[in-house]
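Student:
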Amino acid sequence: MAVTLLVWCIVTLMYCDGSNTTELTFLETNILQMERSMAIQNDRIKYLEKKEVMQDRKIENLKEEIYRLRPDMKSFKRSINSMMKILMKNRRRMVRDYTPNMKSDSSKHNSIVQREVGIEQGKANLMRQASQIIAFYAYLNNDVNSPGIHQTLVFDNVITNGGNWYNKFSGTFSVQMDGLYVFSCSIIMDGPGQYASFEIVKNADIIGTFFVDPQFDEGYKYSSLTLVVDLHNTDTVFVRIGSSYAVVGNVYSRSHARSSFTGWKLN
């Protein structure tokens, strides 16, 4: 309203005094520049407001992830405390039962020292292993169209990757510590007329297979497999298309239904 009034005044002055035409033209130019500047500033404000909303969403997602992992951290801490109590109890028992004898041979003393060193090393290993949660969860960003036999499925959207052992570029989980591990894979296909078999593979060995067969259904159909396996350092685990049947159709993964792969170290 203020800008409109100002323009009206300027136009009135132009009719009243023709000698001020140059000055009025200058003022009109300045007004147009001010309007353009205000439009640019408004666009900038809208962009910053949108960016702030996106940042708030990311912060909320991170808070939810931290809240979800908190019970696991507490469980690990309780396990560490229990093991520490057992180690300290055994150590006190060893010290109490050992009464040095000046006339005893050195072999007995060396044995005790070695056991002490072993306890310390075991405690250090336990602390190192427990301080790192090994777990991952990833899903396919998009459908995998017409996959071939033995094609590795690369679950490229990583949500959780504790320890950073899962590679989203190759789709493989690389083991860096001996132990028992749990893996689970869920695959979706969109029927009818589609089917395929899938394999969970350790190195070159098949450790689990499952089949998705929506060929007689009108909608989606999924199948999943969960397994526990003993793994060693340098082993790799991944999911691939099986060779039991010829592949017909596509592996489905959209925002409302995801084909996924997850795993974690059990002990």
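Quick note on numbering: the sequence shown equals residues -18 to -1, 1 to 249 in mature numbering (1 follows the signal peptide of the UniProt record, and there is no 0). Even for Gly, the Cβ is constructed at its ideal location relative to N, Cα and C. Just so you know, these numbers come straight off a predicted model, no measurement behind them.
1) Under a three-way DSSP split, which group does Ser205 fall into?
2) With distances taken between CB atoms, is the gap from Leu248 to Val221 smaller than 8 Å?
3) Check whether the Cβ atoms of Phe155 and Thr208 lie closer than 8 Å to each other.
4) Measure from the alpha carbon of Ile169 to the alpha carbon of each residue in Gly161, Ile182, Gly175, then state which is nearest.
5) I'd like to check one pair, Gly231 with Gly175: are the Cβ atoms closer than 8 Å?
6) Would you list the residues sitting across from Phe243 in a DSSP beta bridge?
7) With C-beta atoms as the reference, is Asn72 less than 8 Å away from Met159?
8) Anyone know if the C-beta pair for Gly245 and Phe165 falls short of 8 Å?
9) Out of Leu162, Asn146, Arg75, Asp195, which has the shortest C-alpha to C-alpha gap to residue 275?
10) I need the straight-line Cα distance from Phe243 to Gln15, nearest angstrom please.
11) Under a three-way DSSP split, which group does Tyr234 fall into?
12) Just to confirm, are Ile115 and Gly161 a CB contact at a threshold of 8 Å?
13) Can you tell me whether Ala239 is buried or exposed, with buried defined as 16 or more other CB within 10 angstroms of its CB?
Tutor: In this structure, then:
1) Ser205 carries a strand assignment under DSSP once its states are collapsed to helix, strand and coil.
2) With contacts defined as CB atoms closer than 8 Å, Leu248 and Val221 fail to qualify as a contacting pair.
3) Cβ distance not < 8 Å, so Phe155 and Thr208 don't count as in contact.
4) Looking at the Cα atoms, Ile182 is the closest of the given residues.
5) Taking 8 Å as the Cβ cut-off, Gly175 and Gly231 qualify as a contacting pair.
6) Phe243 has Ala120, Cys167 as its beta-bridge partners, per DSSP.
7) No, the Cβ-Cβ distance between Asn72 and Met159 is not below 8 Å.
8) Contact check for Gly245 against Phe165 passes: the beta carbons are separated by less than 8 Å.
9) What the structure shows of the chain is the stretch from -18 to 249, and residue 275 is not part of that stretch, so it cannot be assessed.
10) The alpha-carbon of Phe243 is positioned some 57 Å away from that of Gln15.
11) The answer is strand: DSSP assigns Tyr234 an E or B state.
12) Going by C-beta atoms, Ile115 is not nearer than 8 Å to Gly161.
13) Counting of Cβ neighbours within 10 angstroms places Ala239 among the exposed residues, the total staying below 16.
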